[in-house]
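Each residue of the sequence shown is one higher than the last, beginning at 1 in UniProt numbering. Just so it is clear, CB atoms sit at the ideal spot from N, CA and C, and this is done for glycine as well. Below: the structure, in structure tokens.
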Amino acid sequence: GSSEFELADGEFTDKTVIYCDQCEREYHAGCVRGRGDQLECCPEGPWLCGHDCSNIFQRLQGLVGRSMPTSVEGVTFTVLRSTKLPEEEAMAAEEHGKLCSAFDVLHECFITLIEPQTRTDLSHDIVFNRESELRRLNFRGFYVVGLEKGGELITVGTLRVYGKKVAELPLVGTRFVHRRQGMCRLLFNQLEKLLGELGVERLVLPAVPELLPTWTGSFGFQPMSHSDKMEIAEHTVMCFQGTTMCQKFIADAAAP
């Protein structure tokens with residue numbers, strides 16, 4: 001529901017640009033009013049551009065903090081997100097602890113990625129939803145998805161869902177001691193099931209050269225062509241130097 005005010009006095013006009021809190025597309029307030037929506041001032045809470053984004057947002061928010069069973073006994077699937085709402089402080093403390101654990105998993109799996117402009121750890125910024133007026137550095141839309149075993153996060157991914165069109169998973173990793181046990185595949189099974197239920201068409205991720213054969217051969221991803229990339233160009237999908245952007249279409253996305 002954040003907005004850009006074009007007038008210096010902060011007046012809310014038809015030309016004011018507001019952002020959908022799910023797909024992050026830009027909308028002029030006048031266009032939103034033109035389709036019959038009541039919008040007299042900048043929304044204080046989340047603003048969703050339509051039914052699809054509203055449904056996805058509510059479903060994801062409803063999953064935050066929950067543990068869901070998987071096909072492996074003793075391993076649960078969980079969705080986490082940083083919260084800044086004061087009424088959720090008690091829950092936020094517990095969630096913050098889990099997000100710190102998620103960051104530790106990613107820190108174990110990746111070299112520290114320092115963003116040159118902010119001089120901050122990119123993994124930390126994504127996990128904790130660092131916001132920025134620069135779209136490429138605005139990570140407020142990210143969720144953490146993970147597998148827990150014995151109360152410990154063992155596999156973690158960072159997920160952003162741009163409405164029904166596309167979801168991205170720029171970072172995913174498993175703790176060293178739990179590797180080669182099928183945990184990454186289990187996480188993807190759960191994630192694809194979730195995205196299918198949300199009606200998301202495709203999942204994209206950046207593959208490092210040494211893992212590209214695994215993503216394409218074992219997980220069903222394909223390198224994205226130029227036209228594939230143009231189809232999602234309106235969204236700020238993360239890509240790292242030296243990686244190949246890959247995509248996988250979600251099987252259940254077309255289901256009613």
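Inter-residue spacing [alpha-carbon to alpha-carbon] between residue i and residue j
i           : j           : result
residue 75  : residue 240 : 31 Å
residue 52  : residue 184 : 28 Å
residue 220 : residue 64  : 27 Å
residue 192 : residue 117 : 34 Å
residue 123 : residue 111 : 10 Å
residue 147 : residue 104 : 14 Å
residue 59  : residue 198 : 8 Å
residue 25  : residue 47  : 11 Å
residue 20  : residue 132 : 15 Å
residue 67  : residue 152 : 12 Å
residue 142 : residue 71  : 26 Å
residue 181 : residue 50  : 41 Å
residue 203 : residue 69  : 22 Å
residue 228 : residue 165 : 12 Å
residue 230 : residue 150 : 43 Å
residue 195 : residue 160 : 11 Å
residue 77  : residue 162 : 21 Å
residue 236 : residue 106 : 21 Å
residue 17  : residue 135 : 14 Å
Residue i classed as buried or exposed, judged by whether at least 16 other C-beta atoms fall within 10 angstroms
i           : result
residue 174 : buried
residue 247 : buried
residue 271 : No statement about residue 271 is possible, as the shown extent of the chain runs from 1 to 256 and does not include it.
residue 251 : exposed
residue 187 : buried
residue 210 : exposed
residue 167 : buried
residue 33  : With a pLDDT of 48 at residue 33, under the threshold of 50, the modelled position of that residue is not reliable, and no figure is offered here.
residue 102 : buried
residue 207 : buried
Residues bridged to residue i [DSSP beta-bridge criterion]
i           : result
residue 222 : 247
residue 207 : 244
residue 56  : DSSP, once it has assigned bridges, lists no residue as partnering residue 56.
residue 67  : 78
residue 105 : Paired residue(s): none; residue 105 is not in a bridge.
Extent of the continuous beta strand (DSSP E) to which residue i belongs
i          : result
residue 72 : Per DSSP, residue 72 belongs to no beta strand (DSSP E) and is neither H nor E.
Please give the ranges of any beta strand (DSSP E) in the UniProt domain "Increased DNA methylation 1 C-terminal" (110-248), keeping only runs that are unbroken, at least 3 residues long and fully inside the region.
List check, beta strand (DSSP E) in window: 143-149, 152-162, 166-174, 202-207.
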